[in-house]
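Residue numbers (my numbering), protein chains in the order written: chain A, 1 to 418; chain B, 419 to 836. C-beta: ideal position from N, C-alpha, C; glycine also. Structure record follows, encoded as C-alpha cells.
2 protein chains.
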Amino acid sequence: MRQTQLFTKTRKEAPADEVSKNAQLLIRAGFIHKEMAGVYTFLPLGLRVLKNIEEIIREEMNAIGGQEMILTTLQDKEVWEKTNRFSDDVMDVWFKTDLKAGGVVGLAPTHEEPITRVMTNHISSYKDLPVYAYQFQTKFRNEVRTKSGIMRGREFLMKDLYSFDADQAGLDAFYEKVSDAYIHIFDRAGIGHLTYKTFASGGVFSKYSHEFQTVSDSGEDIIYINEEQKKAFNKEIYGEAETDKLIADMAMTKMGLIEKKSIEVGNIFKLGTKFSESLGLTYTNESGNSVPVVMGSYGIGPSRLMGTIVELLSDEKGIVWPEAVAPFRVHLVILGNSPEVAVAGDMFYEKLKTLGVETLYDDRDLRPGEKFADSDLIGIPTRVVISEKTLQAGKLEVKKRIASEAEMMDEEEFLRSL
Amino acid sequence: MRQTQLFTKTRKEAPADEVSKNAQLLIRAGFIHKEMAGVYTFLPLGLRVLKNIEEIIREEMNAIGGQEMILTTLQDKEVWEKTNRFSDDVMDVWFKTDLKAGGVVGLAPTHEEPITRVMTNHISSYKDLPVYAYQFQTKFRNEVRTKSGIMRGREFLMKDLYSFDADQAGLDAFYEKVSDAYIHIFDRAGIGHLTYKTFASGGVFSKYSHEFQTVSDSGEDIIYINEEQKKAFNKEIYGEAETDKLIADMAMTKMGLIEKKSIEVGNIFKLGTKFSESLGLTYTNESGNSVPVVMGSYGIGPSRLMGTIVELLSDEKGIVWPEAVAPFRVHLVILGNSPEVAVAGDMFYEKLKTLGVETLYDDRDLRPGEKFADSDLIGIPTRVVISEKTLQAGKLEVKKRIASEAEMMDEEEFLRSL
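This is the structure in C-alpha cells:
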C-alpha cells in the first residue's frame, strides 16, 4: 500500500490520559484510536496485525479439529440463570441493557452458557462426540479500572474454544492438544521465548488449571518460574502445601524459582460437567444411559496478545513487530525528490506486489528524518531505502528493524533474503 | 469437510416462534441458531456463507480505494450529543448501558459520529483527502418487533463505508463508484437480476438518495419498478410532484411502473457536511481557508443479504445457494455400506481437496433418502453421488441443486465442468 493513500498519520504524543505503553505506541503509530477508557478502534494498520494474529490462531484451532462459528453479544438471561451467573453478585463484569420489547439482556462477557445450550440441539448420542467449536467474538466486561491499553479493555476480541467430550479421558487428551497448540501460537507470534505454561488454581472440578503467562514488567500477575524446565506457578497457588509437593515432584526447589511479573495471554480450563449438568446437555452412551457431556474451555485474546507483543518487543524508537504478525513485511522508503528515485521506487514497489510481498511504500514528500522516525515507530520488520545514493551504487539500503546498522544489497540478494 | 465431523444436525421443524422463511430454513439446515427474537448465532455452515459474502463485499470496497478498519460497539455519548443523536427521541433504536465506573454508554446502531471523530485526528489538509474507510461490524438496534429472521435483527453484521471528500464534486464522483460496486456485489451474490437501484428520499442535504431493493414477496418495502430500464422508485417519494417530473424526464410513464414488495439490501447516502460541521471535521483548502469535509455513507448488511438469498432462491426442498456464496462447492454423497464405495468416496474426497474444491463429504451411515433430503435442505450447488451403481458404470452421478435431473459423468468430465 502507498503511504500517501493510508489515511492514518503518526503523532508525537499519545492522549494525556493514556498510561499504558502499548496503547501509547499504537496510538502514536496510527494502529488504534482511543474511543474512551478501555475501548479502542482498530485503524487499518491495527486491523492488519489483529487479522494476522487471528489467522495464526485459526490455523492452530483448525489443526486440532476446531469448527469455527460465531455466537452473539446479546445474551438471554434465562440461560445464565440456570447456572446462577446472571447475577451481578456472582459475575461482577456484566453490562446489561433493556429491550424495548420488555426484559433485560446482558452483553456476553464469556460464552459457556450459550454454546452449551446450542449443543443441546446437536449432541444426543455418543456418536455425536467429541465436538470442538470456537469463535472470534467481541467480549464485554464492565471493568471499574482500565489502565492496560488493549491488554484489558471493556470491549475486546477473544478466541474462545469449547470442547465437548464423552468422558474425562477424552477431555484430558484434548486439553493436552490445546496446550500444545497454544505453545505453537505464542511461538509463531514471536513471544514464545518469554511465555510460560503455568499451574493455576483449578476451581471446583480439577486440582489445577493452566495459564500461559508472558514475563513482562507491565504485567498485572505474579508468577514463579523455572527457566530450565520452562514451567511456572501462579502466585494464587504458590505457598500452598499441595503446590510445594508438586514442585518437589517435578524435581524443582522453591529456592530455584524466580518471581516475575507477567501477562496472562491464554488459559485452558477443564470445566467438567458443571455447565452440561446445569443446562441439560446430556448424551446417550453406548450402554444406553443418559450422561452429561464433559466440557473444557480455552481462551486467547488476540488484542491482548497484540498489546503484549508491543509491550515486550518495542524500543525507544517505536514498535518492533515479529515477521508473522507485522502489518507489512517490507517498508519501502524513497528519499529526495528526484524523478529517477520516484521511478525506481514505483518499479520496485510494483515488483514486490507482483511477488506477493506485502509492502508499505513511503512515497510521501517528507524529509528523510521524518520518514525514518515514522518507519521506526510503525515497526515493519524490514526497511528498504531507495535514494540517489543507492541508485548510484546500484544497490538497495536494507535495514532490519531489530538491527542497528543498514546494509547495502543488490536487488537479487535482497529478494532471496525474504 | 467430512459430514461425520460437522457438529450440526439438520432438523425437521424450526422453532414454533420463528415465522420467517429465511430463519426457518437456515435453522432447519443447521446454518444458524436462534438465541432469542432477532438474535442469531452463526453455526459453522452459516459462518462460511457469511464470510463468502463478506469477501465479495471486501474485494469490491478495496477495488474502489476503501481502507478496512473496525470501530467499537460501546459508544461515548459525548460524540453523539454533538449531533443530537444520543436522545432516544431522535434515535429510537438505542440500546444503552451503565458503566460501573460511572456514566452511560450506547451500543452502536450506526457509526457516522465515531468515524467522523476519528478522522479529526488524521485529516487536516486538502492533501489528506479523499479518504474512504469501511468496516464489517456488528450493529445493535433495539427493534420492538422482529419477524424477519436474519433480515432484520436486534444484533446484525453491517458493512458500512464512509467517504470523506474535499468537495461536492468529489463526493458525487465517489457516490457513483460505490453505486457501481454495489451492482457488482449483488450480481456476484446471485440476486442482481432481482435487484433495483431505487430513488429514495434524500433527507435534508440532497434531493434523492438511493437504495438497492430486491424484489421479494417477503419484503417490508414497496417499490415501483421499470423492468426495461432496471430503475425503480421508493413508495415514500412515489406520487410527489417532483418524482412525477423525474419519471417523465427519464422517458418513463407512471402507468408503466409496476408495484412490487421488496427488501432493502443496500443504501448509499450523501451526508454533505452535517456530521463534519457538528464534529469539527474541517480541512485547510488550497486557498488556506478552513472548510468542512464533505461526507457520504454506504451500507450493506451481509447477514440481511444472506437472508434475502434464502428467501429468493429456496424451493420446497430447501435452500439453493448461488456458487459464489455457497458454504461448499460440492456435496459428495456416498450411498450404501460397501467398502468399495467408502474407499472410492474417500479417494475422490481427497482428490477434490487436493484440487482446492471446497467439498462437504457425506460419509454418514444413513439411508439414501435421508442423505438426499439433507443435501437438498443444505443447498450446496453441485451434488455428486458415489454408489455401487455408479462404480459399476465407472461414472459419477452429478446433480445440480437447481436441476431436476441428475446426469452420469466420468470423473474427468466432471472436474472440467467445475
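| Query | Result |
| --- | --- |
| C-beta neighbour in chain A for residue 781(B), strict 7 Å | no |
| Opposing strand residues paired with residue 334(A) [DSSP bridges] | 386(A) |
| Counted within 10 angstroms of its Cβ, other Cβ atoms place residue 53(A) as buried (16 or more) or exposed | buried |
| Nearest neighbour of residue 668(B), chosen from 422(B), 581(B), 649(B) and 659(B) [CA to CA] | 649(B) |
| Helix, strand or coil at residue 618(B) according to DSSP, with G and I counted as helix | strand |
| Beta carbon proximity, residue 427(B) to chain A, threshold 7 Å | yes |
| Local Cβ density within 10 Å of residue 722(B), reported as buried at 16 or more and exposed below that | buried |
| Where residue 226(A) meets chain B, residues with beta-carbon distance less than 7 Å | What residue 226(A) touches in chain B: nothing, since even the nearest Cβ is about 38 Å away. |
| Enclosing beta strand (DSSP E) for residue 700(B) [first to last residue] | 700-702 |
| Selection from 202(A), 324(A) and 32(A) that minimises the alpha carbon distance to residue 191(A) | 324(A) |
| Option in 535(B), 713(B), 665(B) and 467(B) with minimal Cα separation from residue 911(B) | An answer regarding residue 911(B) cannot be provided, because it is not within the stretch 419 to 836 covered by chain B. |
| Span of the alpha helix (DSSP H), counted from its first residue to its last, around residue 652(B) | First-last for residue 652(B): 649-652, but that is the beta strand (DSSP E), not the alpha helix (DSSP H). |
| Cβ contact check for the segment 686-700 of chain B and the segment 633-652 of chain B: 3 or more pairs under 8 Å | no |
| Supposed contact pair residue 829(B) and residue 814(B) - C-beta distance, whole angstroms, cut 8 Å | 6 Å |
| Backbone CA spacing between residue 670(B) and residue 678(B) [nearest angstrom] | 17 Å |
| Same chain, Cβ closer than 6 Å to residue 263(A), five either side skipped, listed in chain order | 214, 216, 219 and 308 |
| Which residues DSSP lists as bridging residue 451(B), in chain order | 459(B) |
| Buried or exposed (CB count within 10 angstroms, at least 16 for buried), residue 355(A) | exposed |
| Alpha helix (DSSP H) segment containing residue 276(A), residue limits | 274-279 |
| Close-in-space but distant-in-sequence residues of the same chain around residue 177(A) (CB under 7 Å, 5 per side omitted) | 64 |
| DSSP-derived helix/strand/coil call for residue 467(B) | helix |
| Sub-7 Å separation of residue 717(B) and residue 578(B) beta-carbons | yes |
| Interface positions of the segment 441-458 of chain B facing chain A (Cβ-Cβ less than 8 Å), listed along the chain | 448, 451, 453, 454, 455, 457 and 458 |
| Residues of the segment 541-561 of chain B whose Cβ lies closer than 8 Å to any Cβ of chain A, in chain order | 541, 546, 549, 551, 556, 558, 560 and 561 |
| Rounded Cβ spacing between residue 802(B) and residue 751(B) (contact assumed at less than 8 Å) | 7 Å |
| Opening and closing residue of the beta strand (DSSP E) in which residue 561(B) lies | Note, residue 561(B): premise wrong, no beta strand (DSSP E); not H, not E. |
| Min CB distance residue 44(A) to chain B below 7 Å | yes |
| Paired residues, beta bridge with residue 715(B) - DSSP | 580(B) and 687(B) |
| Below-7 Å beta-carbon distance, residue 118(A) vs any chain B residue | yes |
| Where residue 781(B) sits in the DSSP three-state scheme | coil |
| Under 7 Å between C-beta atoms of residue 362(A) and residue 3(A) | yes |
| Partners in chain A for residue 421(B), counting only beta-carbon separations shorter than 9 Å | Within chain A, no residue comes near residue 421(B); the closest Cβ sits about 12 Å away, beyond 9 Å. |
| Three-state class that DSSP yields for residue 108(A) in the structure shown | coil |
| CB contact below 7 Å: residue 70(A) versus chain B | yes |
| Alpha-carbon spacing of residue 768(B) relative to residue 762(B), whole angstroms | 10 Å |
| Residue 328(A) at chain B interface by Cβ criterion, 7 Å | no |
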